[in-house]
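Each number in the working numbering corresponds to the 1-based position in the sequence shown with 12 added. Where a beta carbon is used, it is the ideal one built from N, C-alpha and C, also for glycine. Worksheet: one structure, shown below.
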Amino acid sequence: MNKFEMEELIPIVAELTEKYTSKESTSVSYNTAKQLMNAVIYCMNEIDLVNYELDSGAAKDMAVKDMTEQQDSKLAYRTGYELVVKKVFKTKALFEEIALDFNAYRNRAYYETVMKGMPAFFLYYDPKFNPQNHILTLDYPTIKSVQDSCGIDAIYEYLSYTKLEQELLKAFPEEYITTLLSSYHADYEELFINVGSIVLRNIIVCMILGKNITNHCFEKKDAVVLKKYIESSSQEELEIKLCNLVKILVNQGYNHNEQLYEYLKEDVKNISFELINAVEHDCLDIMFLL
13 MNKFEMEELI PIVAELTEKY TSKESTSVSY NTAKQLMNAV IYCMNEIDLV NYELDSGAAK
73 DMAVKDMTEQ QDSKLAYRTG YELVVKKVFK TKALFEEIAL DFNAYRNRAY YETVMKGMPA
133 FFLYYDPKFN PQNHILTLDY PTIKSVQDSC GIDAIYEYLS YTKLEQELLK AFPEEYITTL
193 LSSYHADYEE LFINVGSIVL RNIIVCMILG KNITNHCFEK KDAVVLKKYI ESSSQEELEI
253 KLCNLVKILV NQGYNHNEQL YEYLKEDVKN ISFELINAVE HDCLDIMFLL
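Shown next, in the form of structure tokens:
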């Protein structure tokens, strides 16, 4: 978070207010003043976020390294604002890359969030006066949530996760995925579900049973094998086993993509809970899609 006192931010907000009103007024509503103050804070916090990414090895722009040592609040704001604008261009480039061969697999929320929502975001996003507002409701859920982020940071994270998910899905024939989704729910096209999560569940079950992922049929004895596998471990142990399976999947099928592994790993706790719950309620057959 920025290290400046509130009184150091007020002159910056005053300047921003003049620009907001085109110098026609020095007074704005309480809500607008709050919005502009949050805009200043958001830009300053962007410096901390980029420095964190540098420390974690996720970024290479050394020009902002140690910028948090700046004593000038106005310079810090300008630097943060420039970083926000830079991230807008970076995010737009990411979206354009995804859009080239994006596939929503007929899920309405997926298509509308990415292919309709994102162009609208770039059209209306305001990095100067309201950078903290990412405008979109992001109705299509990603495996890893972006709820702790806002503004361009949330959109960049969301699209980064979308890119990883598309990479997961594109390794399989489209017909396999749509058939799998139809098996999950006849009206999957209208549901707010994560396509990658459903596919991952089927992959994990197939790996546990030693079955071909895209060319298999489940038998009655498979439920016995799966039940034994689940009951042999506590939930914590099961999560470790499933993480190992995800690791094998990513290493063998996706060239050791560590980012993809970290993303998919977020779903392991939910999958392990569903497997244990299915055993307890004697309904393991719901885990068998196709």
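| Item | Value |
| --- | --- |
| Presumed contact (8 Å Cβ cut-off) between I59 and A88, rounded CB distance | 6 Å |
| Three-state secondary structure (DSSP) of N282 | helix |
| Pair within 9 Å by beta-carbon distance, Q247 and I288 | yes |
| Rounded distance between the beta-carbons of L171 and F107, thought under 8 Å | 6 Å |
| Spatial neighbours of L180 in its chain, beta-carbon cut-off 8 Å, leaving aside the 5 residues before and after | G208, V211, L212, Y266, L272, L276 |
| CA-to-CA distance, E65 to K72, given in whole angstroms | The predicted position of K72 is uncertain, since its pLDDT is 49 and thus under 50; no value can be drawn from it. |
| With 16 other Cβ atoms within 10 Å as the buried cut-off, status of Q47 | buried |
| P23 versus P153, S34, E243, M49, residue with shortest Cα-Cα distance | M49 |
| Local conformation of K72 per DSSP, three classes | Confidence at K72 is low in this model, with a pLDDT of 49, below 50, so its placement is unreliable and no value can be given for it. |
| Residue-level contact to chain B via CB, N224, 9 Å cutoff | Chain labels in this structure do not include chain B; a single protein chain is all it has. |
| Distance, A132 Cα to I147 Cα | 9 Å |
| C-beta atoms of I164 and T103 nearer than 9 Å | yes |
| Close Cβ partners of V262 (< 6 Å) along its chain, the five nearest in sequence each way excluded | N269, L272, Y273 |
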